[in-house]
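Residue numbers (my numbering), protein chains in the order written: chain A, 1 to 359; chain B, 360 to 718; chain C, 719 to 1077; chain D, 1078 to 1436. Glycine is no exception: its CB is placed at the ideal position from the N, C-alpha and C atoms. Computed from a predicted structure; not experimentally measured. Below: the structure, in structure tokens.
There are 4 protein chains.
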Amino acid sequence: MSSTFGHAFRIHTYGESHGGAVGVIIDGCPPRIPITQEIIQTALDRRRPGQSEIVTPRKEADTAEILSGVQDNITLGTPIAISVRNTDQRPGAYDEMAAKYRPSHADYTYDAKYGIRAASGGGRSSARETIGRVAAAAIAQQILLAHFPKIEILAWVKSIQHLQANVNPETIDAATIEANIVRTGDPTMVEPMIEHIKKIRSEGNSVGGVIECVIRGCPPGLGEPIFDKLEADLAKAMLSIPATKGFEIGSGFAGTLLTGSEHNDAFVMQDGKVRTVSNRSGGIQGGISNGENIIFRVAFKPTATIMTNQQTVTSDGQNTELQGKGRHDACVLPRAVPIVEAMAILVLTDHLLRQRAIS
Amino acid sequence: MSSTFGHAFRIHTYGESHGGAVGVIIDGCPPRIPITQEIIQTALDRRRPGQSEIVTPRKEADTAEILSGVQDNITLGTPIAISVRNTDQRPGAYDEMAAKYRPSHADYTYDAKYGIRAASGGGRSSARETIGRVAAAAIAQQILLAHFPKIEILAWVKSIQHLQANVNPETIDAATIEANIVRTGDPTMVEPMIEHIKKIRSEGNSVGGVIECVIRGCPPGLGEPIFDKLEADLAKAMLSIPATKGFEIGSGFAGTLLTGSEHNDAFVMQDGKVRTVSNRSGGIQGGISNGENIIFRVAFKPTATIMTNQQTVTSDGQNTELQGKGRHDACVLPRAVPIVEAMAILVLTDHLLRQRAIS
Amino acid sequence: MSSTFGHAFRIHTYGESHGGAVGVIIDGCPPRIPITQEIIQTALDRRRPGQSEIVTPRKEADTAEILSGVQDNITLGTPIAISVRNTDQRPGAYDEMAAKYRPSHADYTYDAKYGIRAASGGGRSSARETIGRVAAAAIAQQILLAHFPKIEILAWVKSIQHLQANVNPETIDAATIEANIVRTGDPTMVEPMIEHIKKIRSEGNSVGGVIECVIRGCPPGLGEPIFDKLEADLAKAMLSIPATKGFEIGSGFAGTLLTGSEHNDAFVMQDGKVRTVSNRSGGIQGGISNGENIIFRVAFKPTATIMTNQQTVTSDGQNTELQGKGRHDACVLPRAVPIVEAMAILVLTDHLLRQRAIS
Amino acid sequence: MSSTFGHAFRIHTYGESHGGAVGVIIDGCPPRIPITQEIIQTALDRRRPGQSEIVTPRKEADTAEILSGVQDNITLGTPIAISVRNTDQRPGAYDEMAAKYRPSHADYTYDAKYGIRAASGGGRSSARETIGRVAAAAIAQQILLAHFPKIEILAWVKSIQHLQANVNPETIDAATIEANIVRTGDPTMVEPMIEHIKKIRSEGNSVGGVIECVIRGCPPGLGEPIFDKLEADLAKAMLSIPATKGFEIGSGFAGTLLTGSEHNDAFVMQDGKVRTVSNRSGGIQGGISNGENIIFRVAFKPTATIMTNQQTVTSDGQNTELQGKGRHDACVLPRAVPIVEAMAILVLTDHLLRQRAIS
């Protein structure tokens, strides 16, 4: 359903960019999981605007408040509500946008769907909506830590426009990614990427790229055979992130250039476990994890908000021009990395709890 | 949930490849929609093995029986059950497979998940499972015809391994696609593709490729803002098809190479309607259809079943070798085209009915 | 959703009384549960028409076929489809009913809802629909046996019209109930109840009554705090059975005549367990089982099908008269006992699996 | 799912009695429905403690804040979050309760389920949880007003312990009910009921009773045939209200004393509409509304909180005594009337939107 994600571990998000608050209810969280406001806040700070010189300078405090379901830093098993107030309301900056449909934004489609639209900001299509996802994932992460401590979920910037990072998903670690403001996994590409983003921004333009993600230590057996295949739920999760245009797992689109004998992952016994020699499957076979690293990539289009003149129409059907104003991210990928991780955590936690029900 | 797809228009599939039957229950179908057994059968015949010289010669009658929910070729509004008997049971051909995990199949992961596995065939991971989806989509198609006659959904083979078809999604028609056994949309590529598949098959090998799909005439306003974005549901639908490794919409992964000013789709009034000058959004903005053509691509890996020796392990943990036997598709794409269309129809119908609830 | 029941253990039923078949898909069943066709058949035979001299003489073979999800009498973890063919089609007996709305049946409301209606029999409102529920519960029962062998679920006829049985829910056993064709738990009331039903039937009339059900050995902790309270799900389950008009748990409506000090169940330690001295709560507190016996009652109205002249209207809006014809149950309660048990089993199994997910 | 209710019109509630806040997210609300904070507040005030001399004197401001989904008093179609701060925290009053299980409360079962429990108040089992339901229903009510203005939903106190009100569901109006603090529909019983409640309270005791509810002007065709029968969803909704022990519709349990010829509702044409001469069906046949008044009754047990000594056990398994302290409702029925109405409104609105999807 529209604003609900997950079956056993379910989250419900709410909030426009410029209303009273954005937030989330988490239902189905096991009891007695340790969680603090600080853990959630740390997660939120990674996706916050204004965190570095290459993201939007917009200031958002994004202070999370836990309203229910937690007592003395322990979950109660009941719904956990987390709320973040909207404080930095500058509707004036968006006045022109209220009347003109911003190209490649959701202004027109919201009007088409609802016959009404939040007067300022992007409404539900704002990146602020992802706050609820990240907060929920911070709690889900605690479940993984408590029950499946071997699981590691890491995402990084794989490319910015034509600039490709060279990263080994087997060995990349969080410190390497967090050590740079682009959140790429390749130290040699940090400077070129930063310079490119600055240059693009100085032109009032924007760029996109690809984020790669690995799930290490996932036990075999997660995912459901038919519609709720683990990769299908990951695909949906990733395509639900604003600005995404594609998803591929394992060999992905490039795998279509191989033959079967080149592509198949041979099985071999190793330390008493069934392992695969290669991993073109990307850690999932028939919709179910096989114990190998789950590796996938997500394509992000260049940010739709740009500072140059664009042809568009008004909400009452007149051709016009729009010049971007206000604050914008010339490249959303550094801030999208924690969101990709958050959605991966949510999918995995949901499937772990689902698997328990039948085990 | 595992074997359920959709919210307003819901399907539940069942069936292993070699049990008594495979089938589907469709719940939420509006009443008074005309449907015949022949319409369903025609749809099933498009996905049937043995239909041409380039697909598996395995014979499957695939005769659909409507068990409920339809009277005098009109839907009653109650659940529609459709069943297809499994008749061509040759478990002998699969004996070796029961003991050895076929590389890049789901044998191992089913065992890991359930601690048990259908002794022959691929169980639920068999392509036969898609029968229920195609049958359900044949009914959904009738809803579209009755209520939204302008909607056209067409898929075609965009590439077989390195062989690329050149197809215009604006103008391609069903006749062109169905006129060739590859189901490509580019008549000049029919012969090269057929020859390539035959050559690969003669080598006991297999190939994959990309299927492209267009939804024309979709009204603006379909799709939900957050998790049930139209592209997110399409992505999940496509990644739920066996052998898929990737999904992209509109500009997709290639769009990450553009800047924002190159990528944005300018709006313009045309015949009193809000239209976009270009369509890199792929017909969906903010998760909601904008009235332009919805265009997406799906990557299919090369078929895992090949006829050459492969290293693998037995279900009791011994290293061994497996030689493929029996019947196989050297390339699943010609038969996957109707399945891609079916899943697109199911997503669209579900969202059309969901939109009605709030309109 | 309409024809779906349960969250972790989910069933989807289909089928009209006079179409090709009725049946069920069970999704979410754990793997490696032993089940045979005979176990299902035995369960179905308890609800079958024609089983005794006080139920409808209509003959229905009701032979269940397992179409998927089971291999060598063991569940695979995949959806289990069970189908029962409709064989005794005598649409002629229902011709008059097709044109005239039977009082207190669902003929008119189906027309009002769907604008169409199954031409004969009661469509989905037929008691045949419960076949799928009973078959699914036979499998759920096997899960309980395998994992929670102390749980016992027993229902019996508590009253037929004014005839009240005196039954102790603590000690009643299945043998006592099944030893008589009324399925009452009070041997002294068997003959009076049989005679009363026969007399009522001879008058072309019908009677209802109350079925009581006990769940013994239920572990504490099942049920969800708010909307999915265990008693709320039981209430829904029971009111979903055709012909039911009421549900009460523990002290029920009579409990409204007590004061709090009379009604409260004092706690006491017993054998190291928290127990209650009395059980006016009916085994559930705050929506969650407390380990005491769960006891509830379900009211069934007198069968709507009677053999006397009744005032009614035609489907095209003319006042008319209807005389009941064909075969009917003068009292559905003996056959409803296994259906009450089945729905209780389904609710309990669902909540047991749900509880596992968070434990 | 635990804290979610509804399918097309869905609400998710959260909040313990003594955490930061209680509240609700409403998803699936149609756009362009007028709603104000005042309308919600007025609804909440009807369920508020301290509103009269016969309910708990506990003060709760219960000020509702709309955090999202509404702009300029019009719904946007996106999730509506409503929050009510918990302000009157007096955990001291509950200290003894934290260590001792209150008889017929949910203290023990929460511990049994979760292994942890909110240290004070009733956690999720507190009546404060119903704030979210009432707020959501205030919005649902606006949908009904906008689209189905003829629908009227009214509940009243039918009995307090042995004191029975005489009310005609056809003609009772809101003014009569709201004119007295008991919220009974029978002016002659107001004084006796008030006196009885006061007397019971003065004894430190409590009483329960029955609330009756009528839905007038409901169009025929609402409700789903099998599991989501309209009466089944109403039964679940009512049994999800704290302190309820029973539900009956139309003739209810008393209907089991009639014969079929006495019980059946004859059809007759009236003003061109299909009507029933009597209404023992209670407005629903086969799970679907028939256009007559929907009438049901809900049993409420006497309040579990009493001021006399009670035998109980501590959370660490010692027999002990508990003396009730603090503030309590000697009779919850006056405040439960708006909650019964709220749940009825939610069920009806959900089914109205669901019916739209297939119409």
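Check whether the Cβ atoms of B:Tyr473 and C:Gly795 lie closer than 9 Å to each other. Position 114 of the second sequence, counted from the start, is the residue given in the question as residue 473 of chain B. Position 77 of the third sequence, counted from the start, is the residue given in the question as residue 795 of chain C. Yes. Within cutoff.
Alpha-carbon spacing of B:His622 relative to A:Ile306, whole angstroms: In the second sequence, the residue the question calls residue 622 of chain B occupies position 263. In the first sequence, the residue the question calls residue 306 of chain A occupies position 306. Looking at the two C-alpha atoms, the distance is approximately 11 Å.
In whole angstroms, what separates the C-alpha of C:Thr805 from that of C:Gly738? Here residue 805 of chain C refers to the residue found at position 87 of the third sequence. Here residue 738 of chain C refers to the residue found at position 20 of the third sequence. Approximately 8 Å between the Cα atoms of the pair.
Within the continuous alpha helix (DSSP H) that includes B:Thr535, where are the two ends? Numbered from 1 along the second sequence, position 176 holds the residue referred to as residue 535 of chain B. For B:Thr535, the enclosing alpha helix (DSSP H) has its first and last residue at 533-537.
Is the beta carbon of D:Leu1429 closer than 9 Å to that of D:Phe1304? As a position in the fourth sequence, residue 1304 of chain D is number 227, starting the count at 1. As a position in the fourth sequence, residue 1429 of chain D is number 352, starting the count at 1. In this structure, D:Leu1429 does not lie closer than 9 Å to D:Phe1304 by Cβ.
Between the CA atoms of B:Glu607 and B:Ser637 - distance to the nearest angstrom: The residue given as residue 637 of chain B occupies position 278 in the second sequence. The residue given as residue 607 of chain B occupies position 248 in the second sequence. Using only the alpha carbons, I get a separation of about 17 Å.
For D:Phe1324, return the contacting residues in chain C, with the cut-off set at a CB-CB distance below 8 Å. Position 247 of the fourth sequence, counting from 1, holds the residue named residue 1324 of chain D. The answer, in chain order, is Ala953, Leu957, Gly964, Phe965, Glu966.
D:Gln1387 touches chain C at which residues, Cβ-Cβ below 9 Å? For this step, residue 1387 of chain D is matched to residue 310 along the fourth sequence. One finds Ser979, Asn982, Ala984, Phe985 in chain C with Cβ atoms closer than 9 Å to the Cβ of D:Gln1387, taken in chain order.
Give me, in chain order, the residues of the same chain whose beta-carbon lies closer than 7 Å to that of C:Glu949; leave out the 5 immediate sequence neighbours on both sides. On the third sequence, residue 949 of chain C is found 231 positions in, with the first residue counted as 1. Excluding positions up to five away in sequence, the list reads Ile967, Ile1002, Gly1005.
Go to A:Lys273, then tell me how far its beta strand (DSSP E) extends in each direction, as first and last residue. Your numbering for residue 273 of chain A matches position 273 in the first sequence. Start and end: 273-276.
Between the CA atoms of D:Ile1131 and D:Ala1256 - distance to the nearest angstrom: By one-based count along the fourth sequence, residue 1256 of chain D stands at place 179. By one-based count along the fourth sequence, residue 1131 of chain D stands at place 54. Distance between the alpha carbons of D:Ala1256 and D:Ile1131 is about 14 Å.
For A:Pro30, go through chain F and note every residue whose CB falls closer than 7 Å to its CB, in chain order. In the structure shown, chain F cannot be found, because the protein chains are A, B, C and D.
Beta carbon proximity, C:Gly787 to chain B, threshold 9 Å: What you label residue 787 of chain C is simply residue 69 of the third sequence in a count that begins at 1. At least one CB atom of chain B sits nearer than 9 Å to the CB of C:Gly787.
For D:Val1375, list the residues DSSP reports as bridge partners. Against the fourth sequence, residue 1375 of chain D aligns to sequence position 298. DSSP output for D:Val1375 lists D:Ile1288, D:Phe1324 as bridge partner(s).
Grouping DSSP H, G and I as helix and E and B as strand, with all else coil, what is B:Ile399? For this step, residue 399 of chain B is matched to residue 40 along the second sequence. Correct three-state label for B:Ile399: helix.
Bridge-paired residues (DSSP) for A:Glu65: On the first sequence, position 65 is the one that residue 65 of chain A refers to. Bridge partners of A:Glu65: A:Ser83.
If I follow the unbroken alpha helix (DSSP H) through A:Met433, where does it start and stop? In the structure displayed, chain A extends from 1 to 359; residue 433 of chain A sits before or after that span and is not available.
Can you tell me the Cα-Cα spacing of A:Arg85 and A:Gln71, whole angstroms? Residue 85 of chain A sits at position 85 when you count from the first residue of the first sequence. Residue 71 of chain A sits at position 71 when you count from the first residue of the first sequence. In a straight line, the C-alpha of A:Arg85 is about 21 Å away from that of A:Gln71.
Three-state secondary structure (DSSP) of D:Val1409: Walking along the fourth sequence from the start, residue 1409 of chain D turns up at place 332. Residue state, collapsed to three classes: coil.
Classification of B:Ala689 by the beta-carbon crowding that lies within 10 angstroms, buried from 16 upward: Start at 1 with the first residue of the second sequence, and residue 689 of chain B comes out as number 330. Buried, by the Cβ-count rule.
Given a limit of 9 Å on CB to CB distance, which residues of the region 1234-1246 of chain D reach chain C? From the region 1234-1246 of chain D, only Ser1236, Ile1237, Gln1238, His1239 have a Cβ closer than 9 Å to chain C.
Using the DSSP secondary-structure output, state which residues sit across from A:Arg48 in a beta bridge. Counted from its first residue, the first sequence places residue 48 of chain A at position 48. Beta-bridge partners of A:Arg48 (DSSP): none assigned.
Let's test the definition: count the other Cβ atoms within 10 Å of the Cβ of C:Asn1046 and tell me whether it reaches 16, buried, or not, exposed. In the third sequence, residue 1046 of chain C corresponds to position 328, counting from 1. Rather than Asn, the amino acid found at residue 1046 of chain C in this sequence is His. Buried is the label assigned to C:His1046, since at least 16 other Cβ atoms lie within 10 Å of its Cβ.
Closest Cα partner of D:Ala1204 within the set D:Leu1423, D:Val1417, D:Ala1252, D:Ala1434: Mapped onto the fourth sequence, residue 1204 of chain D falls at position 127. Nearest to D:Ala1204 by alpha-carbon distance, out of D:Leu1423, D:Val1417, D:Ala1252, D:Ala1434, is D:Val1417.
Within a Cβ cutoff of 6 Å, which residues of the same chain sit near B:Gly605, ignoring the five residues on either side of it in sequence? Walking along the second sequence from the start, residue 605 of chain B turns up at place 246. Non-local beta-carbon contacts of B:Gly605 in its own chain, meaning distances under 6 Å to residues more than five positions away in sequence, involve Ala658 in chain order.
Locate the alpha helix (DSSP H) running through B:Asp386, then write down its first and last residues. Taking the second sequence and counting its residues from 1, one reaches residue 386 of chain B at position 27. Not the alpha helix (DSSP H): B:Asp386 falls in the beta strand (DSSP E), residues 380-386.
Have a look at A:Ser120, A:Gln142, A:Val207 and flag the residue whose alpha-carbon is nearest the alpha-carbon of A:Ala98. Numbered from its first residue, the first sequence carries residue 98 of chain A at position 98. Of the candidates A:Ser120, A:Gln142, A:Val207, the one whose C-alpha sits nearest the C-alpha of A:Ala98 is A:Ser120.
Run through chain A and tell me which residues come within less than 9 Å of C:Leu940, C-beta to C-beta. The residue labelled residue 940 of chain C in the question sits at position 222 within the third sequence. What C:Leu940 touches in chain A, judged by beta-carbon distance under 9 Å, is nothing: the nearest beta carbon there is about 13 Å away.
Looking only at its chain, what residues have a beta carbon closer than 7 Å to the beta carbon of B:Pro390, apart from the 5 residues adjacent to it on each side? In the second sequence, residue 390 of chain B corresponds to position 31, counting from 1. Exclusion of the five residues before and after B:Pro390 leaves Thr434, Leu435, Gly436 as the residues of its chain whose Cβ lies within less than 7 Å of its Cβ.
For A:Ala266, which residues from the same chain have a beta carbon less than 8 Å from its beta carbon, with the 5 sequence-adjacent residues on both sides left out? Mapped onto the first sequence, residue 266 of chain A falls at position 266. Contacts found: Thr276, Val277, Ser278.
At which residues does the beta strand (DSSP E) containing D:Arg1087 begin and terminate? Stepping through the fourth sequence from its first residue, residue 1087 of chain D is reached at position 10. In the DSSP assignment, D:Arg1087 falls within the unbroken beta strand (DSSP E) covering 1087-1091.
From D:Ser1347 to D:His1089, what does the alpha carbon distance come to, in whole angstroms? The residue you call residue 1347 of chain D lines up with position 270 of the fourth sequence. The residue you call residue 1089 of chain D lines up with position 12 of the fourth sequence. Note that residue 1347 of chain D is Gln in the sequence shown, not Ser. Going from the Cα of D:Gln1347 to the Cα of D:His1089 covers about 42 Å.
With DSSP collapsed to three states, give me the class of C:Pro749. As a position in the third sequence, residue 749 of chain C is number 31, starting the count at 1. Three-state result, C:Pro749: coil.
Which two residues bound the contiguous alpha helix (DSSP H) that contains C:Ile849? Start at 1 with the first residue of the third sequence, and residue 849 of chain C comes out as number 131. In the DSSP annotation of this structure, the continuous segment of the alpha helix (DSSP H) that includes C:Ile849 starts and ends at 848-865.
List the DSSP bridge partners of D:Gln1388. To locate residue 1388 of chain D, count along the fourth sequence from 1; it is residue 311. Under DSSP, D:Gln1388 forms a beta bridge with D:Glu1398.
Is it right to say B:Asn432 is buried, meaning 16 or more other beta carbons lie within 10 angstroms of its own, or is it exposed? Counting from one through the second sequence, the residue named residue 432 of chain B turns up at place 73. Per the 10 Å Cβ criterion, exposed.
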